[in-house]
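Trainee:
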């Protein structure tokens, strides 16, 4: 009896306590709502977000597409990693996109998405992103949200400082994160100082987006980290941070953190163009690939390249200058006016901001403190415009708003610090949860920031989300910067590591978004334009199935006369010309993936049946009320079978 | 006794929690419910000629065989996956389509299937039979006009109508 009462009292206490807790929780959320926080991120069902946000997937190798302010994920664009869902890297058409001088490399570490620009303003034509591990740059076509081109960077040991673009997308830049022997060869690692070099590459982008490694600059063997191109008055220049000016080759954690200052390399690329015109380059023999997706043929093509033009700074005066910058600087960010160049002095307690006009004056006055391999080192005092103090620990990156403020992420103290351009005073700060790396303001690294939000791209989430085992979701945070004080609005999970991101008003992209591929423009070698062109053709043990799909059948859907040992290519054309009606194609036992064929496109799945039998194939993408009926059979007979090749639908 | 006590406790808890939840709802907005079941208006013209860009009777010249040839090609690439001339397939047989609908309706349906499926009672009826929405094959007026010519030719070759 007593114990029952005790139990009952306990239960009562627990209930009352939990009710209080619920009340308190309720109070908290009311406090948040009182500032209209929920309303600011609420996008009513059936209505659109204001901005697209493109985040790198970091080690996932892909790109995430989100809406802002809702933080809703719309799409994962496959770029550097195979994606079985869309047959990216599995279909015959997309396999060439992964070609490198090391063979097919079906993964990379994607870091910095950059939207193409016209006159220094994001124009939404393309999104570029770097592959960090096996040095590459990809170009994504933002009319189709597909990867259009991937180019390998020769003479590079890791493409981190990339793909920062010039004001009119004349060039995409790349710098080697790890210095390596160039050309690469078998040398002792501890011969670093003697043999290791860095390169800075300029990739020309033509009007159709086609990329070409136009020239490289051979630079001392530091580690080149990040970059930004000049704009306005500094258009024609590009800036690259470096660390490990100590040239250590082991325990860099300690050994590359000795010098009080490392360097920003300022490269005058207009000057470089003059030197190239004058023939003052060396031609290095090397090997790299350019892979592009032929839009008309719906097919990837690999081109091998064997030469690259290289400029040597000591032979090209005025091409490169070093700007001393404390300490192991990471980001280098140019303000909207193009005059100020802010460096994230990762191990420094300040953000040094250099002045472009002072840099030009110092160059004119030959205000050099020394030179390294023919590269003049400017005097810090001659070029620095100011130092932002009290920026927290581990300042990394700065983006800008449209009202004269910079926003710097500080990794170690996990916060965003807002400061005023010109006075360099800190005016506001807000914590990030947790360990912020890059940050992004719509247009925040262009001439015309749209402002409104800053997105914190965080490395760690710890306790912010429901746990999912040892690995937790990655995440970004949306912060309102329209007022004087920054205000946290929303946490939202992201794919992979949201390393860096770009945001752009939705209407710029939306109006160009394609709905279908016109079937009459489909020049794929194995396309069918009408059902009556479908057929099956045998050539030795190669069997090509020219197949069509439309709601809700395949033609042909009964195929006989296939033999064990055959190599079967299903060339599937989606005859639909209606928006949002892809068809899938999956065949039992396929060792690769499904196909997901967009309206008007043709894709190919290679299939090598190993056993006799009858194999179903079917549509995987729910397409109509009769989707379940969208299927077929393929009969596989023995090697020496005399079953004739035949095919039909509806007979 | 025990049971009553437990029941009381349970009720109290329920009451407390539900009060809390109600009080939390506070200022949620309610959207106007959409009107359901309202019949779309359909005019006599739309009944005969469907919904779409063709809003007046076409002034059709005599059949142009060259145009019809082009129309046949378009029909094969954009329509024949679902429509045969003489057999019921994914959609109805089409040889005598112009005996069933007006040329204007033909063009409106080819260019603008979605709206007709949504609004036109005859097309709705067909959806009930075939269980498949006719696809929008991204056909422009010129293309639709050529396909129409193909079916005008086919219609002219049919045995003449008996009244």
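Residue numbers (our numbering), protein chains in the order written: chain S, 1 to 651; chain B, 1001 to 1163.
Idealized CB from N, CA, C, for every residue including glycine.
All figures in this text were calculated on a predicted structure; none of them were measured in a lab.
1. Between which two residues does the alpha helix (DSSP H) containing residue 1099/B stretch?
2. Could you tell me whether any Cβ in chain B is nearer than 8 angstroms to the Cβ of residue 40/S?
3. Apply the 10 Å Cβ neighbour rule to residue 375/S and answer buried if 16 or more other Cβ atoms are within range, or exposed otherwise.
4. Three-state secondary structure (DSSP) at residue 254/S?
5. According to the Cβ coordinates, are residue 564/S and residue 638/S closer than 8 angstroms?
6. Leaving aside the five residues before and after residue 584/S along the sequence, list all residues of the same chain whose C-beta is less than 6 angstroms from its C-beta, in chain order.
7. Identify the contact partners of residue 1131/B in chain S, using a Cβ-Cβ distance below 7 angstroms as the criterion.
8. I'd like to know if residue 144/S contacts chain B, where contact means its C-beta is closer than 8 angstroms to some C-beta of that chain.
9. Roughly how many angstroms lie between the CA atoms of residue 95/S and residue 84/S, to the nearest whole one?
10. With burial defined as no fewer than 16 other Cβ atoms inside 10 Å of the residue's Cβ, what is the status of residue 630/S: buried or exposed?
11. Just the C-alpha distance for residue 569/S and residue 607/S, rounded to the nearest angstrom, thanks.
12. Spell out a yes or no on whether the region 1114-1121 of chain B and the region 1064-1071 of chain B are touching, meaning 3 or more CB-CB pairs, one atom from each, closer than 8 angstroms.
13. How about residue 514/S and residue 241/S: are their beta carbons less than 8 angstroms apart?
14. Going by beta-carbon coordinates alone, are residue 148/S and residue 293/S separated by less than 8 angstroms?
15. Quick one: residues in its chain with C-beta nearer than 6 angstroms to the C-beta of residue 97/S, no 5 flanking neighbours on either side, listed in chain order?
16. Between the alpha carbons of residue 579/S and residue 1103/B, how many angstroms are there, rounded?
17. How is residue 418/S classed by DSSP in three states: helix, strand or coil?
18. What is the DSSP secondary structure of residue 182/S, counted as helix, strand or coil?
19. Would you please state the rounded distance, in angstroms, between the beta carbons of residue 155/S and residue 183/S? I believe it to be under 8 angstroms.
20. So that I know if they touch, is there some Cβ in chain B lying closer than 8 angstroms to that of residue 28/S?
21. Pick out whichever of 326/S, 341/S, 496/S has its Cα sitting closest to the Cα of residue 332/S.
22. Checking contacts by CB at 8 angstroms: is residue 553/S closer than that to chain B?
23. Could you confirm whether any beta carbon from chain S is found closer than 8 angstroms to the beta carbon of residue 1090/B?
24. For the region 568-583 of chain S, list every residue whose C-beta sits within 8 angstroms of some C-beta in chain B, in sequence order.
25. In terms of DSSP beta bridges, what is residue 378/S paired with?
26. Quick one: which chain B residues come within Cβ less than 7 angstroms of residue 519/S?
27. Looking at chain S, which residues of the region 1080-1104 of chain B have a Cβ within less than 8 angstroms of any of its Cβ atoms?
28. Comparing the C-beta of residue 527/S with each C-beta of chain B, is any distance below 8 angstroms?
29. Please list the terminal residues of the continuous beta strand (DSSP E) segment that includes residue 1109/B.
30. Please state whether DSSP places residue 70/S in a helix, a strand or coil.
31. Can you check which of these residues, 287/S, 567/S, 262/S, 312/S, is closest to residue 276/S by C-alpha distance?
32. How is residue 497/S classed by DSSP in three states: helix, strand or coil?
33. Output yes if chain S places a C-beta closer than 8 angstroms to the C-beta of residue 1137/B; else output no.
34. Which of the three DSSP states, helix, strand or coil, is assigned to residue 31/S?
35. For residue 452/S, decide whether its Cβ has a neighbour in chain B, counting only Cβ atoms nearer than 8 angstroms.
36. For the region 528-544 of chain S, enumerate the residues whose C-beta is nearer than 8 angstroms to any C-beta of chain B, in chain order.
Mentor: This is what the structure holds:
1. 1097-1100
2. no
3. buried
4. helix
5. yes
6. 594, 596, 619, 620, 621
7. 625, 626
8. no
9. 12 angstroms
10. buried
11. 6 angstroms
12. no
13. no
14. yes
15. 150, 291, 300
16. 26 angstroms
17. strand
18. coil
19. 7 angstroms
20. Only weak support is given to the placement of residue 28/S: the predicted model assigns it a pLDDT of 42, under 50, and the value that follows is read from those uncertain coordinates. No, its Cβ sits nowhere closer than 8 angstroms to a Cβ of chain B.
21. 341/S
22. yes
23. yes
24. 575, 576, 577, 578, 579, 581
25. 368/S
26. 1077
27. 1080, 1081, 1082, 1089, 1090
28. no
29. Careful: residue 1109/B lies outside any beta strand (DSSP E), inside the alpha helix (DSSP H) at 1103-1111.
30. coil
31. 312/S
32. coil
33. yes
34. Legend: pLDDT at residue 31/S = 44, less than 50; position of this residue unreliable, value from coordinates given subsequently. Residue 31/S: helix per DSSP, three-state reduction.
35. no
36. 529, 530, 531, 532
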